[in-house]
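What follows is a set of notes on a single structure, which appears directly below.
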Amino acid sequence: MESLKNTATEKVKLKSDNRILLSIHRCLTDFFGPLYWWPGDSELEIMIGAILTQNTNWQNVSKAIKNLKENNLLDTKALVEIDEKILANLIKSCGYYNLKAKRLKNFIYFFYKEYDGSAEKMFSKDFWMLRKELLSINGIGTETADSILLYAGNKPIFVVDAYTKRVFRRHKIISEKDDYEQIQRYFMEKLPSDYQLYNEFHAQIVMVGKQYCKKSVPNCQDCPLAEFS
DNA sequence: TGCCAGGCCGGGT
DNA sequence: ACCCGGCATGGC
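Going by my numbering, the letters in the first sequence line up with residues 1 to 229, in that order.
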């Protein structure tokens, strides 16, 4: 009885505690070990992957990227010059291929024109300013922009995706009605500004979302975050 | 077999 | 300010 009460009190305390996110992150670090995200050998590859993976399984995306690689298309100039229809055909496996070919083109024109295809140049800019520029490109929304900033640019900005929402809503750590910006602010206010931490944490959240906190199974079985909900 | 996957845009209320 | 349909392939 006494211990039960204490446990309940602990949970309430923990939930309102600013450090609950750090506790969760530590728990997931023990659980998964290092995850080494984002898969990709260059900034450009990571940025392309961020666009191609919109609402799409990564497996399908990696095939498309492999295809691009084999055709020497992980290159800004080559992507500027390639015909959009041909590009669409090469990325067919990742779905929405006509749309994504257009979006990829939009981004690559911007990258080539504004930054001469240099990631170093682009990421030397104040990253909140750069975020605005990215968001102004048709086809780049909040998550894609933030993935580019965090994973290609090593900027301390937290990426919110469908997994983040589902996992943290299901465990009642964030509210159902919080939108992208609110959730992002919540994470960034409660966590130290550290790109490596954001990188690892987001990767862990995706793992939890895929393996334990599945959409099709409303009660997360064996969820490593059970103790936090 | 049907459902799902690391969103975003444009048009309608 | 929301809400919704469209976009599409491949894996389980």
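All C-beta atoms, glycine included, are put in the ideal place defined by N, C-alpha and C.
A quick note: this is a predicted structure, and the numbers were derived from the prediction, not measured.
Along the alpha helix (DSSP H) that carries residue 180, what are the first and last residues, could you check? 180 to 190
So, does the region 149 to 169 touch the region 209 to 226, judging by three or more C-beta pairs under 8 Å? yes
Roughly how many angstroms lie between the CA atoms of residue 96 and residue 219, to the nearest whole one? 31 Å
Does the count of Cβ pairs from the region 221 to 229 and the region 50 to 63 closer than 8 Å reach three? Taking a cut-off of 8 Å on C-beta distances, the region 221 to 229 does not touch the region 50 to 63, as fewer than three cross pairs fall below it.
Go ahead and label residue 33 buried or exposed: buried means 16 or more other beta carbons lie within 10 angstroms of its beta carbon, across all protein chains shown. exposed
Would you check if there are 3 or more beta carbon pairs closer than 8 Å linking the region 67 to 79 to the region 112 to 123? yes
What are the boundary residues of the alpha helix (DSSP H) that residue 54 is part of? Run containing residue 54: none; DSSP gives neither H nor E here.
Going by the CB atoms, is the gap between residue 35 and residue 204 shorter than 8 Å? yes
In or out: residue 135 buried (at least 16 other Cβ within 10 Å) or exposed? exposed
Burial state of residue 1, where buried means 16 or more other Cβ atoms lie within 10 Å: At residue 1 the pLDDT is 32, less than 50, meaning the model places this residue with poor confidence and gives no usable figure here.
Short of 6 Å in beta carbon distance, which residues of its chain neighbour residue 157, apart from the five on each side in sequence? Order them along the chain. Once the five neighbours on either side are set aside, the close Cβ partners of residue 157 are 146, 149 and 150.
Just the Cα atoms here: how many angstroms apart are residue 111 and residue 41? Approximately 18 Å between the Cα atoms of the pair.
Please confirm whether residue 100 and residue 137 have their CB atoms less than 8 Å apart. no
Residue 72, DSSP secondary structure in three states: coil
When you compare the CB positions of residue 199 and residue 37, do they come within less than 8 Å of one another, or not? Taking C-beta atoms as the reference points, residue 199 and residue 37 count as a pair closer than 8 Å.
Sort 56, 94 and 131 by Cα distance to residue 68 and report the nearest one. 94
Mark residue 184 as exposed unless 16 or more other C-beta atoms lie within 10 angstroms of its C-beta, in which case mark it buried. buried
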